Amino acid sequence: MSVMYILIGCSLFLALCALGAFIWIVKSGQMDDDYTPSIRILFDDLKSKPESTGDTKP
Amino acid sequence: MKITFKTNQITCYHCGDKTVAEPVVVDAHEFCCEGCSRVYQIISSNNLCDYYLIQNSPGLKVPLLSGKFNYLDDAQVKQRLIDFTDEQITKVTFFIPIMHCSSCIWLLEHLYKLDEAVVNSRVNFLKKHLTVTYKNKESSLRKMVELLASIGYEPAINLNDIETEGRKSADRKLIYRIGVAAFCFGNIMLISFPEYFGLDAFTKSAFSRFFGYLNMALSVPVFFYSASDYFTTAFKGLQKRHIGIDVPLALGIFVLFVRSSYEVISHTGIGYFDTHAGLVFFLLIGKWFQQKTFDTLSFERDYKSYFPVAVTTVKDGNEETMPVTNLTIGHRIIIKNNELIPADSILVQGEANIDFSFVTGETSPLPKVPGEVIYAGGKQLGSTIELEVVKKVSQSYLTQLWNNEQFTKDNASPIQSFQQVVSRYFTFGLLLVAFGSAIWWLIVNPSLALNAFTSVLIIACPCALALSSPFALGTAMRILGKFKFYLKSPEVVEQIAEIDTMVFDKTGTITQPAESSITYLGELLYDEEKTWISSLVKHSVHPLSKKIKNYLGERPHLPTSNFTEFNGRGVEGKVVGNKIRIGSYAYIFPMHEPMGFSGENPDVLATRVYIELNGKVPGYFQIKHSYRNGLKKVLALFNLKYNLYLLSGDNESERSRLTEYFGDSDRLFFRQSPLEKLQFIERLQNEGKRVLMVGDGLNDAGALKAGNVGISVTENTAHFAPASDVIMDASMFEKLPAFIQLSRNTLRVIHWSFVISLLYNVVGLSFAVQGTLSPLIAAILMPLSSVTVIGFTTVATTIFAKNGGLK
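As they're listed, the protein sequences go chains G and E.
For the first sequence, numbering that gives the first Met the number 0 gives the first residue as 0, with consecutive numbering after it.
For the second sequence, numbering that gives the first Met the number 0 gives the first residue as 0, with consecutive numbering after it.
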């Protein structure tokens with residue numbers, strides 16, 4: 000049963016990683032704006048050739 | 000709101016407005032004006048035409064500007080606005096209220112295509128913020144703002160930004176605290192499972208002790224970090240001899256931690272660490288739920304948010320830009336079209352036509368002649384005027400309102416919230432039961448006394464009670480927000496529920512803006528007749544003439560002779576030989592009795608302008624000036640429950656009509672100055688009334704602030720609203736009774752949920768006083784009661800909202 004000590008240590012370590020990731024995400028400001036990125040991702044990249052017309056790739 | 004018509008009407012490719020007879024055509028696209036085509040050319044020459052593909056006609060009209068932003072070269076101004084700067088780059092955040100669609104985001108994030116100096120630009124759409132990073136060597140703050148203005152996205156920079164230093168950084172502490180509490184709560188629960196199931200193999204082994212210490216270790220951050228706010232607020236409250244909900248909460252958290260630690264260290268049990276962490280976690284969630292704010296709205300605006308930063312002054316014939324804070328008596332200032340007059344001044348020269356809609360909500364501009372005093376806050380429409388300042392900016396008729404003590408004192412609400420009232424009694428009751436059971440057990444069986452005492456404090460910890468208000472109020476606030484009734488904070492719901500008196504402003508609040516509708520009634524006019532009328536009214540500066548001219552649309556201008564204007568009555572003249580008279584009924588028919596308003600619709604106040612063509616009167620223009628939709632119904636409903644008053648800055652012309660609405664002529668007050676409005680509210684409050692003020696312009700700002708609740712009604716929530724507790728979209732005026740009813744019902748929900756949480760407490764206490772509270776019972780009761788209360792309050796509030804028509 001002493002394997003329990005290792006298992007609990009592992010589970011705590013993983014949970015700590017998740018907590019650390021959470022704090023890092025909040026700190027870096029990713030949670031501040033939950034709307035604009037959802038629109039930004041839908042924009043197409045600028046076409047490289049100036050003369051190309053309005054065809055847009057999905 | 001924009002209405003799009005499905006007709007063959009050609010609309011501007013850039014801004015979507017109807018184009019005039021001869022549109023500007025560029026690249027086979029029609030534009031309504033030179034400004035729009037110019038923006039299109041900037042965008043297309045930079046290969047950014049995707050802008051027009053994402054949304055149809057996304058653009059904004061661009062007025063021509065020059066030299067307007069020179070003040071941004073001032074070092075002091077720059078320092079206040081810039082977020083960060085070093086030798087190479089500068090980062091600055093602008094507030095751009097006009098961004099409205101995905102095309103806007105797209106264009107603003109591709110600024111680097113328009114100007115090579117831009118390193119990066121990022122939009123936060125909800126806050127309508129644009130953060131730009133640019134190279135110092137190639138650009139400047141002024142150039143950045145000019146770039147944005149040239150493509151139609153002029154940032155809003157006002158006196159407030161300059162006077163207050165730095166922007167508040169987002170407060171993320173609560174989120175961290177919740178994260179830590181959640182982490183510890185989850186792990187403690189996991190480790191406590193063997194105990195919950197009573198697995199002897201675990202509880203009797205060395206694991207039990209190990210788990211106990213592990214739980215204790217996990218509880219330390221919860222106690223010292225996540226819960227620390229409760230101890231400080233409880234302590235501060237006690238110092239002020241004020242017992243709030245924080246006192247029993249802090250007591251409960253403290254006792255939980257100390258007793259559990261004692262049990263673990265003395266090997267007498269495994270303690271209540273799971274309850275402890277869960278309690279703190281739920282409480283913090285409640286706090287977070289209550290913190291919801293409407294990012295794009297500002298509830299603290301005063302006149303500084305609307306006043307310009309700088310103004311053009313003239314000295315010995317030289318024009319110079321000067322910060323308005325430096326303006327003093329005697330300065331000569333130049334105000335161009337669409338600029339705001341920052342201080343009370345005397346008109347020296349030019350034709351002034353002042354729009355006071357910022358101040359009074361009235362949109363018809365007032366003409367002024369040289370020598371007249373023009374109050375600060377008006378906007379000049381038309382040609383450039385020169386003025387002499389007679390009062391400093393902060394001492395003007397309007398702005399001195401903000402020197403009143405209402406704006407300087409700490410605005411603690413005089414109404415105690417239900418939670419505050421209850422928690423005081425609750426705390427005393429709790430201590431009574433705790434000490435009572437301790438004394439009882441000291442007599443009967445002293446070994447159980449401490450156990451019973453601490454158990455009472457643990458189980459009676461008013462977690463559910465503390466959660467009921469945040470969740471009920473927070474839910475109500477979210478629902479109201481969906482209906483464009485934006486609250487400053489959830490507590491406002493409770494204050495709305497408590498009011499017994501309502502005071503309304505008139506212009507702009509219960510009336511619709513005067514720009515409303517103009518119609519022609521009578522015999523059909525030929526196109527050439529319309530052109531004659533248009534040519535004649537072009538010479539008149541009267542606001543009604545301008546409206547008629549706009550109504551008739553773009554027309555050629557025919558030569559006019561013998562033009563005469565009879566002030567306030569009408570105009571006459573000859574257009575290509577046809578005698579035309581336009582004016583009021585009394586002017587056109589001087590022999591007749593004056594006619595009343597149209598009797599068909601009591602909500603309509605109409606002004607009629609008659610026309611006479613070569614001695615014949617074919618009809619009249621009707622300009623409607625109407626009360627808001629459903630005003631009669633709204634006021635009739637309120638009249639049953641509340642004392643209603645009307646405070647208007649206007650004259651008494653509508654007294655008889657409004658008496659019908661308000662029921663009593665004594666409740667209507669006209670010609671009220673901003674300060675009188677404020678004092679009127681204070682007088683009502685001194686009589687013990689709890690007052691709701693509904694207003695709109697800056698002239699109501701004092702009354703809105705003084706009222707227990709201030710609601711500012713605005714046509715466009717992104718643009719203009721004075722400081723208040725609530726910002727309401729004008730289109731929702733009809734729903735005002737439903738909003739207030741929901742607030743009252745929410746308070747009832749809080750009362751009921753209080754009963755529920757008390758029931759849980761009674762069950763728990765029955766174990767506690769007997770000294771038989773096991774960790775398992777505590778671990779079940781605490782989350783169960785919290786979840787019940789959260790579920791009940793949110794569901795009940797939502798049902799009330801639905802039944803009240805808010806769905």
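Cβ coordinates follow ideal geometry from the N, Cα and C atoms, glycine included.
Predicted, not measured: the structure shown is a model, and the values here were computed from it.
Legend entry - Close Cβ partners of E/Arg570 (< 6 Å) along its chain, the five nearest in sequence each way excluded: Start at 1 with the first residue of the second sequence, and residue 570 of chain E comes out as number 571. According to the sequence provided, residue 570 of chain E is Val. The question's Arg does not apply to it. Excluding residues within five positions, the ones whose Cβ falls inside 6 Å are Ser539, Glu564, Ile581.
Inset, instruction - Identify, in the order they occur along the chain, each residue of the same chain with its Cβ nearer than 6 Å to the Cβ of E/Pro322, setting aside the five sequence neighbours on each side. - result: Counting from 1 along the second sequence, the entry for residue 322 of chain E is found at position 323. Only Ala309 meet the Cβ criterion.
Inset, instruction - Report buried or exposed for E/Arg37, applying the criterion of at least 16 other Cβ atoms within 10 angstroms of its Cβ. - result: As a first step, residue 37 of chain E must be located in the second sequence, where it is residue number 38. By the neighbour-count rule (16 or more Cβ atoms within 10 Å), E/Arg37 is buried.
Legend entry - Of the listed residues E/Glu108, E/Thr474, E/Leu113, E/Ile680, nearest to E/Arg121 (C-alpha basis): Taking the first residue of the second sequence as position 1, residue 121 of chain E is located at position 122. For E/Arg121, the nearest C-alpha among the options comes from E/Glu108.
Inset, instruction - Can you tell me which of the three DSSP states E/Tyr831 falls into? - result: There is no way to answer for residue 831 of chain E, as the model of chain E reaches only from 0 to 806.
Legend entry - chain E contact for G/Val2 (CB, 8 Å cutoff): Taking the first sequence and counting its residues from 1, one reaches residue 2 of chain G at position 3. G/Val2 does not count as touching chain E.
Legend entry - Selection from E/Arg666, E/Pro736, E/Ala700 that minimises the alpha carbon distance to E/Arg631: Locating residue 631 of chain E in the second sequence gives position 632, counting from the first residue. One detail in the question is off: residue 631 of chain E reads as Lys in this sequence, not Arg. Nearest option by C-alpha distance: E/Pro736.
Legend entry - Listed by chain order, chain E residues near G/Phe42 by CB distance under 7 Å: In the first sequence, residue 42 of chain G corresponds to position 43, counting from 1. What G/Phe42 touches in chain E: Trp105.
Inset, instruction - Determine the burial state of G/Cys16: buried for a count of at least 16 other Cβ atoms within 10 Å of its Cβ, exposed for fewer. - result: As a first step, residue 16 of chain G must be located in the first sequence, where it is residue number 17. Under this definition G/Cys16 is an exposed residue.
Inset, instruction - Indicate whether the contact test is met: 3 or more Cβ pairs, each with one atom in the segment 343-355 of chain E and one in the segment 376-390 of chain E, closer than 8 Å. - result: yes
Inset, instruction - Answer with yes or no whether the minimum CB distance from E/Tyr12 to chain G is below 8 Å. - result: As a working note, residue 12 of chain E is residue 13 in the second sequence. So no, E/Tyr12 is outside the interface.
Legend entry - Per-residue DSSP class, three states only, for E/Phe206: Translated into the one-based positions of the second sequence, residue 206 of chain E becomes position 207. Looking at E/Phe206 - three-state DSSP - the assignment turns out to be helix.
Inset, instruction - Find the nearest neighbour of E/Leu612 within the set E/Leu667, E/Gly521, E/Val690, E/Lys676, judged by alpha-carbon distance. - result: One-based indexing of the second sequence puts residue 612 of chain E at position 613. Checked all of E/Leu667, E/Gly521, E/Val690, E/Lys676; the closest Cα to E/Leu612 is E/Gly521.
Legend entry - Contact list for E/Asn186 against chain G, beta-carbon separation under 7 Å: Reading the second sequence from its first residue, position 187 is the one you call residue 186 of chain E. Going along chain G in sequence order, the residues near E/Asn186 (Cβ under 7 Å) are Leu11, Ala14.
Legend entry - C-beta contact flag for E/Val179 and E/Ser225 at 8 Å: In the second sequence, the residue the question calls residue 179 of chain E occupies position 180. In the second sequence, the residue the question calls residue 225 of chain E occupies position 226. Yes. Within cutoff.
Inset, instruction - Could you confirm whether any beta carbon from chain G is found closer than 8 Å to the beta carbon of E/Ile174? - result: Residue 174 of chain E sits at position 175 when you count from the first residue of the second sequence. True, the Cβ-Cβ gap to chain G drops below 8 Å.
Legend entry - the segment 113-130 of chain E touching the segment 90-101 of chain E, judged by at least three CB pairs closer than 8 Å: yes
Inset, instruction - Please decide whether G/Leu18 counts as near chain E, where near means a Cβ-Cβ distance under 8 Å. - result: Numbered from 1 along the first sequence, position 19 holds the residue referred to as residue 18 of chain G. Output row for G/Leu18: interface = yes.
Legend entry - Nearest-angstrom Cβ-Cβ length linking E/Thr426 and E/Pro247, presumed shorter than 8 Å: Within the second sequence, residue 426 of chain E is the residue found at index 427, counting from 1. Within the second sequence, residue 247 of chain E is the residue found at index 248, counting from 1. With a Cβ gap of about 5 Å, E/Thr426 and E/Pro247 count as contacting.
Inset, instruction - Identify, in the order they occur along the chain, each residue of the same chain with its Cβ nearer than 7 Å to the Cβ of E/Leu447, setting aside the five sequence neighbours on each side. - result: As a first step, residue 447 of chain E must be located in the second sequence, where it is residue number 448. Contacts found: Trp440, Gly770.
Inset, instruction - Answer with buried or exposed for G/Met0, where buried requires no fewer than 16 other C-beta atoms within 10 angstroms of its C-beta. - result: Your numbering for residue 0 of chain G matches position 1 in the first sequence. It is exposed - the Cβ of G/Met0 has fewer than 16 other Cβ atoms within 10 Å.
Inset, instruction - Please list the partners that E/Phe620 has in chain G, where partner means a Cβ-to-Cβ separation under 7 Å. - result: The count along the second sequence starts at 1 and reaches residue 620 of chain E at position 621. The contacting residues do not exist; E/Phe620 stays about 45 Å from chain G at best.
Inset, instruction - Mind the definition here: the segment 542-549 of chain E touches the segment 480-497 of chain E only if three or more C-beta pairs lie below 8 Å; say whether that holds. - result: no
Inset, instruction - Leaving aside the five residues before and after E/Val491 along the sequence, list all residues of the same chain whose C-beta is less than 7 Å from its C-beta, in chain order. - result: Stepping through the second sequence from its first residue, residue 491 of chain E is reached at position 492. These residues qualify, in order along the chain: Val708, Asp724, Val725.
Inset, instruction - Look up E/Leu346 in the DSSP assignment and say whether it is helix, strand or coil. - result: To locate residue 346 of chain E, count along the second sequence from 1; it is residue 347. Residue state, collapsed to three classes: strand.
Legend entry - DSSP-derived helix/strand/coil call for E/Val432: Translated into positions along the second sequence, residue 432 of chain E becomes position 433. DSSP places E/Val432 in helix when its eight states are reduced to three.
Inset, instruction - Use the C-beta contact count for G/Met3: other C-beta atoms within 10 angstroms, 16 or more gives buried, fewer gives exposed. - result: Locating residue 3 of chain G in the first sequence gives position 4, where the first residue counts as 1. Exposed, since its Cβ has fewer than 16 Cβ neighbours within 10 Å.
Inset, instruction - May I ask you to report which of helix, strand or coil DSSP gives E/Gly251? - result: Counted from its first residue, the second sequence places residue 251 of chain E at position 252. In the structure shown, E/Gly251 sits in a helix (DSSP, three-state: H, G or I).
Legend entry - Contact set between G/Ile22 and chain E, taken where Cβ atoms lie within less than 8 Å: Taking the first sequence and counting its residues from 1, one reaches residue 22 of chain G at position 23. Chain E residues near G/Ile22: Tyr175, Gly178.
Inset, instruction - Would you mind telling me which residues of chain E sit closer than 9 Å to G/Ile5, beta carbon to beta carbon, in chain order? - result: As a working note, residue 5 of chain G is residue 6 in the first sequence. By Cβ distance, chain E contributes nothing, its closest Cβ being about 13 Å from G/Ile5, past 9 Å.
Legend entry - E/Val455 vs E/Leu764 beta-carbon contact at 8 Å: Taking the first residue of the second sequence as 1, we reach residue 455 of chain E at position 456. Taking the first residue of the second sequence as 1, we reach residue 764 of chain E at position 765. Closer than 8 Å, so yes.
Legend entry - Interface positions of the segment 115-137 of chain E facing chain G (Cβ-Cβ less than 7 Å), listed along the chain: Val122, Asn123, Phe124, Leu125
Legend entry - chain G within 8 Å of E/Asp49, Cβ atoms only: Start at 1 with the first residue of the second sequence, and residue 49 of chain E comes out as number 50. Yes, E/Asp49 lies at the interface with chain G (some Cβ there is under 8 Å from its Cβ).
Inset, instruction - Compare the C-beta of E/Thr792 with all C-beta atoms of chain G and state if any pair is closer than 8 Å. - result: Walking along the second sequence from the start, residue 792 of chain E turns up at place 793. Chain G contact via Cβ: absent.
Inset, instruction - Would you kindly report the start and end of the unbroken alpha helix (DSSP H) that includes E/Phe732? - result: Within the second sequence, numbered from 1, the residue matching residue 732 of chain E stands at position 733. Here E/Phe732 belongs to no alpha helix (DSSP H), and DSSP marks it neither H nor E.
Inset, instruction - Answer yes or no: the CB of E/Gly709 versus the heavy atoms of the ligand MG, is any distance below 7 Å? - result: Among the components of this structure there are no ligands whatsoever, and the ligand MG is therefore not found.
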